[in-house]
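The structure under discussion appears below in the form of structure tokens.
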Amino acid sequence: MKVSLSRIQKSYGTQMVLNGAGLTVKSKEKIGLVGRNGCGKTTLLKIICQQEEPDSGHVVIANDTHVGYLSQITFYDQDNTVYEELLTAFDHVRQLEKELLKQADVLATDSSQAQLEKYDRMQNEFEMLNGYNYEVELKNVFFHFSFTEDDLNKPIREFSSGQKTRIALVKLLLSKPDVLLLDEPTNHLDVDSIEWLEGYVKAYPFAVIVVSHDRVFLDHVCDEIIEIDHGKTLRFPGNYTHYVQAKKEYIAKNHEAYLRQQQEIQRLTALIDKFHAKSSKAAFAKSKQKYLDRMDKIEDMQANQSQMRAHFTSARKGGNQVLEVEHLQVGYDHVLSTVDFQLRKGWRMAIIGPNGIGKSTLVKTLIQKIQPLHGTYHWGHQIDIGYFDQESAQMTSDKNVLDTLWEHDPMANQTEIRNILASFLFTEDEVFKDVNTLSGGERVRLALACLMLEHDNCLVLDEPTNHLDIPSKEALEDALMQYDGTLLFVSHDRMFLKKMADHVLEMGPESHVYALSYDDYLAKKAQSDLVEEIQPQKQEKKESKVSFQDAKQLKNRVAKLETLLETAESELEELRNKRFEPEYYQDFRKMDQLNEKIDDKHNEIAHLEQEWEEKMALLEQVD
């Protein structure tokens, strides 16, 4: 047992955040900590790492247990290069390296058994700490967070706050604490970085507690889920999917127990009312009253499951051709990406790609926040655009919540506006809170409520699920699934992508559009299969004459190519899976060699596919 918390209570002013919370953490456990925004997840992490003290309760940390938390990671000097700063994560290893060299010098003059054994012990410890490969490990982890070799030699002060957070996360991972605390680690990471981090955390040799609203991450990483609900902790074995089902069953059983207890309370109350005035039965009534007063009252969890409710509709239909983009180059001082695509009525197009490729820049260009560097785009007839991004969500205003929403529908009465706010979880006096005092999640909910009242027929959304807790994400997904308009959105939330997308715009050196759901897109990419782009392309047809014998040979070759492709794709999948094995991700050179093999396999598949297409085209002419 590494960490034990029991009967933890913590309040801020009059607000009770934790009320009897507890957990235990064993070595190598991977625990997901979930719950609504503001329920106390981060507070619990701060208590575990002793940044905060509980008002009451017990906190036990095992001796020699190093607890690592991102906010505790500091930079020694902002003028240090990234490489110098990250090396400090290996201070113990580097000190041992110096002592090992000194001991080697001692052996040159004293090779006694005692000195040899001392050197052997030090060398074994050095090897256990991956001492011969720590610089390789440093680079390998760093490069998986969308950084380059050049970034290693830049001073810390040159990076943005978001980049500094990623550098701090790298430093935390490299320090390898016995209990690793991760608070929303996937925020602002691209999908490739998130998937690598999943593999790293899953293979991490020590305990991990992760707070995340990324349901796929929790599914892939965690073997236990702890939920904070009304200040208390509930523990569920298994990953997030198991937790969802187990929680439903738990709530159902709780509700049944609550109803049984209410019936018992009514029965006892009726007896007390009946007999308390009768002297002969007064003692009986008094004993029943004491029993009733001592009874632990069951709280009906079903009644406490309030959830955001949204309903997006469009005021007018608009044209079938929603958007046409031709040779559009986006960026600020230089071109980040060039895109060609069209968006048709009713499509739900996800924009994906690595960090820095220009996804947000593209949507800002399309809504005329910034100018294109080159190319054109044209919105269709009667297209009303509703736009949401994190910048617009972080609204600043002296107005309160009620007045802010009312501005978007001044013809509505106060009751109608308050009902809408209640559906976005602003109830009672919360509607009079100043916008400037709202949390990040509350501001996002208010911005979405404002967007809903605009009734636009095309929604352009940039990371709409950031700052939302899981129930609010699911409510937004349900609302957008029922939306009768067109969606164009950027998101790194893979569950949101899986549910929403029926088209994928992949941004990169060359941008492509795929008429596929996100899952189907991933399946095709994993197989390195060529997916026909939906954009109209002119193809030249060549006439040729093929004999019967040639046709027979072609069919045999096509069958052979399909077998070769199946084998190659299976081999590629095996190679890709090796990237998550410690043997590779802890060894930069081996990872380089593995990536070369993956590239070679990609090329092999591409050549096989090209030949298959050529042979199939000839066969079609015969048919």
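Each residue of the sequence shown is one higher than the last, beginning at 6 in our numbering. We put the CB at the ideal spot given by N, CA and C, even for glycine. Note that the coordinates shown come from a computational prediction; the quantities given were computed from them, not determined experimentally.
Excluding the 5 residues flanking residue i on each side, which residues of the same chain have their C-beta closer than 8 Å to its C-beta?
| i | result |
| --- | --- |
| residue 93 | 81 and 176 |
| residue 277 | 290, 293, 294 and 297 |
| residue 72 | 8, 53, 54, 55, 66, 182, 183, 184 and 186 |
| residue 399 | 445 and 448 |
| residue 102 | 131 and 136 |
| residue 260 | 305, 306 and 307 |
| residue 540 | Only weak support exists for where residue 540 lies, its pLDDT of 48 falling under 50; the value from the coordinates is given anyway. Counting only Cβ-Cβ distances below 8 Å, and skipping sequence neighbours, we find 345, 346, 347 and 518. |
| residue 161 | 80, 82, 83, 84, 85, 86, 87, 90, 169 and 172 |
So which of the options has the shortest CA-CA distance to residue i?
| i | options | result |
| --- | --- | --- |
| residue 240 | 299, 36 and 171 | 36 |
| residue 318 | 405, 349, 286 and 463 | 463 |
| residue 357 | 19, 496 and 465 | 496 |
| residue 264 | 45, 335, 185 and 307 | 307 |
| residue 238 | 458, 349 and 48 | 48 |
| residue 12 | 505, 62 and 503 | 62 |
| residue 579 | 567, 565 and 607 | 607 |
| residue 441 | 404, 426 and 484 | 404 |
| residue 390 | 603, 402, 91 and 465 | 465 |
| residue 494 | 471, 476, 480 and 477 | 471 |
| residue 453 | 397, 269, 205 and 504 | 397 |
| residue 367 | 330, 353, 395 and 402 | 330 |
| residue 586 | 372, 250 and 145 | 145 |
| residue 383 | 372, 392 and 393 | 372 |
| residue 439 | 500, 417, 428 and 402 | 402 |
| residue 108 | 95, 96, 124 and 163 | 124 |
| residue 211 | 178, 197 and 235 | 178 |
Suppose you measure from the CA of residue i to the CA of residue j; what does that come to, to the nearest Å?
| i | j | result |
| --- | --- | --- |
| residue 546 | residue 619 | Only weak support is given to the placement of residue 546: the predicted model assigns it a pLDDT of 42, under 50, and the value that follows is read from those uncertain coordinates. Residue 546 and residue 619: Cα-Cα distance of roughly 12 Å. |
| residue 529 | residue 507 | 14 Å |
| residue 33 | residue 213 | 7 Å |
| residue 78 | residue 70 | 17 Å |
| residue 301 | residue 273 | 14 Å |
| residue 314 | residue 351 | 22 Å |
| residue 612 | residue 515 | 19 Å |
| residue 549 | residue 525 | Residue confidence for residue 549 is low, a pLDDT of 43 falling below 50, so the modelled location carries little weight; the figure read from the coordinates is stated next. Looking at the two C-alpha atoms, the distance is approximately 35 Å. |
| residue 407 | residue 227 | 40 Å |
| residue 544 | residue 194 | Model confidence at residue 544 stands at a pLDDT of 45, short of 50, so the residue's coordinates are unreliable; what they give is reported in the following sentence. Approximately 39 Å, taken between the alpha carbons. |
| residue 75 | residue 254 | 35 Å |
| residue 477 | residue 43 | 13 Å |
| residue 457 | residue 316 | 7 Å |
| residue 25 | residue 303 | 15 Å |
| residue 534 | residue 222 | For residue 534, the predicted structure reports a pLDDT of 49, less than 50, and the residue's modelled location is therefore unreliable. A value from the coordinates is still provided. So the alpha carbons of these two residues sit roughly 26 Å apart. |
Here's a check: name, in chain order, each residue in its chain whose Cβ is nearer than 6 Å to the Cβ of residue i, leaving out the five neighbours to either side.
| i | result |
| --- | --- |
| residue 215 | 37 and 187 |
| residue 10 | 27, 28 and 64 |
| residue 246 | 224 |
| residue 378 | 334, 336 and 340 |
| residue 134 | 98 |
| residue 248 | 230 and 241 |
| residue 502 | 355, 496 and 523 |
| residue 375 | 369 |
| residue 392 | 372 and 465 |
| residue 388 | 323, 327 and 463 |
| residue 531 | none |
Across which residues does DSSP place residue i in a beta bridge pair?
| i | result |
| --- | --- |
| residue 16 | 21 |
| residue 349 | 326 |
| residue 240 | 231 |
| residue 508 | 354 |
| residue 331 | 381 |
| residue 35 | 213 |
| residue 467 | 495 |
| residue 518 | 510 |
| residue 336 | 340 |
| residue 29 | 9 |
Could you name the residues of the same chain whose beta carbon sits closer than 7 Å to that of residue i, not counting the 5 residues immediately before and after it, in chain order?
| i | result |
| --- | --- |
| residue 16 | 22 and 60 |
| residue 536 | For residue 536, the predicted model reports a pLDDT of 44, less than 50, meaning its position is unreliable and no value from the coordinates is stated. |
| residue 625 | none |
| residue 19 | none |
| residue 460 | 318, 319 and 320 |
| residue 424 | none |
| residue 111 | 120 |
| residue 616 | 566 |
| residue 4 | In the structure as shown, the chain begins at 6 and stops at 628. Residue 4 is therefore absent and cannot be evaluated. |
| residue 4 | Here the chain comprises residues numbered 6 to 628, so residue 4 is not present and cannot be evaluated. |
| residue 500 | 220 and 221 |
Every unbroken alpha helix (DSSP H) within the segment 379 to 449, with a cutoff of 4 residues, ordered by chain: 395 to 398, 406 to 411 and 419 to 428
Please give me, in chain order, every unbroken run of the alpha helix (DSSP H) with length at least 4 that falls completely inside the segment 162 to 197. 166 to 180
Whole alpha helix (DSSP H) runs in the segment 41 to 110 with 4 or more residues, listed along the chain? 46 to 53 and 87 to 92
Enumerated in chain order, which unbroken segments of the alpha helix (DSSP H) with a length of 4 residues or greater are wholly contained in the segment 117 to 154? 118 to 133 and 139 to 148
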